[in-house]
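In the working numbering, the protein residues as written are 86 to 159.
This is the structure:
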């Protein structure tokens, strides 16, 4: 009886392992962001740089505005 249960567990494990391997083999990642940095390197990095520059400019001008307000209050 124990041998029968052991054989069933081994067979079930092998069956689920095959299903998992088949699923993994057919899976293909389709990511626009990944493709942007692997296939179109210039545009990906240029876009990332433009986002960084835009955020830096927003912070810079906001801090300038706050400093100007502080100077006017004094």
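Glycine included, C-beta positions come from ideal geometry on N, C-alpha and C.
All values reported here derive from a predicted model rather than from experimental measurement.
Taking only the alpha-carbon atoms, compute the straight-line gap between residue i and residue j and give it to the nearest angstrom.
i	j	result
residue 145	residue 136	14 Å
residue 123	residue 134	16 Å
residue 151	residue 141	15 Å
residue 158	residue 143	23 Å
Hey, residue i and residue j are a contact pair by Cβ (cut 8 Å); roughly how many whole angstroms apart?
i	j	result
residue 128	residue 118	Not quite, the Cβ-Cβ distance comes to about 12 Å (not below 8 Å), so this is no contact.
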